[in-house]
Amino acid sequence: GNWGMMPRPVHAHYVEVLSRVNRETSYYARRGMGRDLMDVRSRLAETLGVPDDEIAFTRNATEALKALIGGYNRLTPGDAVLYADLDYDSMQHCMDRLALRERAEVVRIALPEPATRMRLIDASAEAFDRHPHVRLVLLTHVSHRTGLVLPVREIAALARERGIDVIVDAAHSWRQLDFALPDLDCDFVGLNGHKWLAAPLGVGVLHIRKSALDRIDHDLATASDAPDVISERIHTGTLNAAAFLTVPSALAFETRIGLDRKSARLRALRDRWVEPARAIPGIEILTPDEPGLYGAITAFRITGQTSMRANEAIARQLLDRHRIFTVARGGVDRGGCVRVTPNLFNTMQEMDFLAGAIANVVRTLPDLPTPKASRDSRG
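Spelled out as structure tokens, the structure:
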């Protein structure tokens, strides 16, 4: 979940480009690298389905979202911001800081569990209506906690009807799911390229619709007379140019597979272990089976084991006894869980083995520790 494994041809190209950047250094930077990077931006924009001048490079989705939340300028004292329990911790903190700075209220909701498309839409509509002063909402397209996929387009439409702006965290959704930015129909999005596209580590993208550009302030590091363009909304300093110059290879590799086929394969791997796991007494699958609400990532909980300490112990048993790497996740209002994240290199036989390993762990419940608080993190 932290970042993806580069396929061999992508890794080879990265090494080649990195060698060039290291060899030619500033000579290349001042005599052609800018043009090459703009070509990469054009390719990314085409893939995302938006104009070139509506995206900018960042080092990750967190940096992009920090720029969007921190630069949002439409809040006034008495307004409110809204986010949910499944949103990424750092983005929740950003919303808290923004509200503190602007003397606004913070509204935090818990997403329905179990979730359905209509329950998610209705919960959002109810929250908007119950808190008419909400001006900005954060929507996480794919939760890093449970893998739940939000119906972003529908919720964003409800928000727009009420004059609410939407910022979308697409860190985990881009290239795990089969979509382009127009499918979300949102003004502000932060994305990662090093998770599911499997580009080199350090590739992120900031998207702002041109019609909404004035709602995000210029970055503090930009000049007072800087042009009114998206690149002036983010100032990263020096980027890993080689990572971005490798993006076309990552896109080409994925094109050979086909994003639709890739997404279908990820869902099939997930379904392979989830179906038998649902039949195990005491296992709760947190991510719904409803089409459109899940991708590769899915979380489970052993009934009654809601603390981070207990779920860390479950993940440790899966690793130590069965050599299966999973991650304990907290922050879910109804309790902690264990997140499973298969990727294209996994096999159906490994998914079968996972389901059997989960059944084995359930039989060892007396070995689990008693609840104790623990921190959560993204990854």
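Under this note's numbering, the residues of the sequence shown are numbered 20 to 398, in order.
Every residue, glycine too, gets a C-beta built ideally from N, C-alpha and C.
Quantities reported herein were computed from a predicted structural model and do not represent experimental measurements.
Continuous alpha helix (DSSP H) stretch holding residue i: start and end
{"i": "Asn41", "result": "Arg27 to Tyr47"}
{"i": "Arg136", "result": "Arg136 to Arg149"}
{"i": "Thr66", "result": "Gly53 to Leu67"}
{"i": "Ala315", "result": "Element bounds for Ala315: n/a, residue is neither H nor E."}
{"i": "Val171", "result": "Val171 to Glu180"}
{"i": "Leu200", "result": "Leu200 to Leu203"}
{"i": "Leu119", "result": "Asp108 to Glu121"}
Whole-angstrom C-beta distance between residue j and residue i, which should lie under 8 Å
{"i": "Asp279", "j": "Asp197", "result": "5 Å"}
{"i": "Arg358", "j": "Thr165", "result": "7 Å"}
{"i": "Ala6", "j": "Pro361", "result": "There is no way to answer for residue 6, as the model of the chain reaches only from 20 to 398."}
{"i": "Pro168", "j": "Gly311", "result": "Note on residue identity: the sequence assigns Val, not Pro, to residue 168. Contact holds; Cβ gap of about 6 Å."}
{"i": "Leu177", "j": "Ala144", "result": "5 Å"}
{"i": "Ile186", "j": "Ile333", "result": "Not a contact, Cβ separation roughly 33 Å."}
{"i": "Ala245", "j": "Glu251", "result": "4 Å"}
{"i": "Ile304", "j": "Thr317", "result": "7 Å"}
{"i": "Leu232", "j": "Gly209", "result": "Wrong, their Cβ atoms sit about 15 Å apart, outside the cutoff."}
{"i": "Arg353", "j": "Glu132", "result": "5 Å"}
{"i": "Ala83", "j": "Gly256", "result": "About 15 Å; that fails the 8 Å criterion."}
{"i": "Ala146", "j": "Val126", "result": "7 Å"}
{"i": "Ala347", "j": "Glu331", "result": "4 Å"}
{"i": "Asp184", "j": "Arg93", "result": "6 Å"}
With 16 other Cβ atoms within 10 Å as the buried cut-off, status of residue i
{"i": "Asp206", "result": "buried"}
{"i": "Thr274", "result": "exposed"}
{"i": "His32", "result": "buried"}
{"i": "Gly323", "result": "exposed"}
{"i": "Arg122", "result": "exposed"}
{"i": "Glu180", "result": "exposed"}
{"i": "Asp188", "result": "buried"}
{"i": "Val36", "result": "buried"}
{"i": "Phe319", "result": "buried"}
{"i": "Tyr91", "result": "buried"}
{"i": "Thr44", "result": "exposed"}
{"i": "Ile276", "result": "exposed"}
{"i": "Ser396", "result": "Because the pLDDT of Ser396 is 48, which lies under 50, any placement of that residue in the model is unreliable, and the question is left without a value."}
{"i": "Leu52", "result": "Per the sequence shown, the amino acid found at residue 52 is Met instead of Leu. Per the 10 Å Cβ criterion, buried."}
{"i": "Gly239", "result": "In the sequence on display, residue 239 carries Leu and not Gly. Counting Cβ neighbours within 10 Å, Leu239 comes out exposed, since fewer than 16 surround it."}
{"i": "Pro170", "result": "buried"}
{"i": "Glu65", "result": "exposed"}
{"i": "Asn79", "result": "buried"}
{"i": "His112", "result": "exposed"}
Continuous beta strand (DSSP E) stretch holding residue i: start and end
{"i": "Val125", "result": "Glu124 to Ile128"}
{"i": "Leu84", "result": "Looking at the DSSP string, Leu84 is not in any beta strand (DSSP E); the run it does join, the alpha helix (DSSP H), is Ala80 to Gly90."}
{"i": "Leu158", "result": "Val153 to Thr159"}
{"i": "Ala189", "result": "Asp184 to Ala189"}
{"i": "Glu303", "result": "Ile302 to Ile304"}
{"i": "His226", "result": "Gly223 to Ile227"}
{"i": "Ala99", "result": "Ala99 to Ala103"}
{"i": "Asn211", "result": "Phe207 to Asn211"}
{"i": "Ile74", "result": "Ile74 to Thr77"}
Checklist entry - Counting pairs of Cβ atoms below 8 Å between the region 75-82 and the region 92-105, do you hit three or more? => result no
Checklist entry - When the Cβ atoms of the region 53-62 are set against those of the region 284-304, are three or more pairs found closer than 8 Å? => result no
Next on the checklist: Restricting to runs no shorter than 4 residues, where is the alpha helix (DSSP H) found entirely within the region 241-278?
Outcome noted: 260-264 and 266-276
Checklist entry - Curious, which full-length beta strand (DSSP E) runs of at least 3 residues does the region 322-382 contain? => result 346-348 and 356-359
Checklist entry - Does the count of Cβ pairs from the region 29-48 and the region 149-163 closer than 8 Å reach three? => result no
Next on the checklist: I'd like to know if the region 210-225 and the region 253-265 are in contact, where contact means that at least 3 CB-CB pairs between them fall below 8 Å.
Outcome noted: yes
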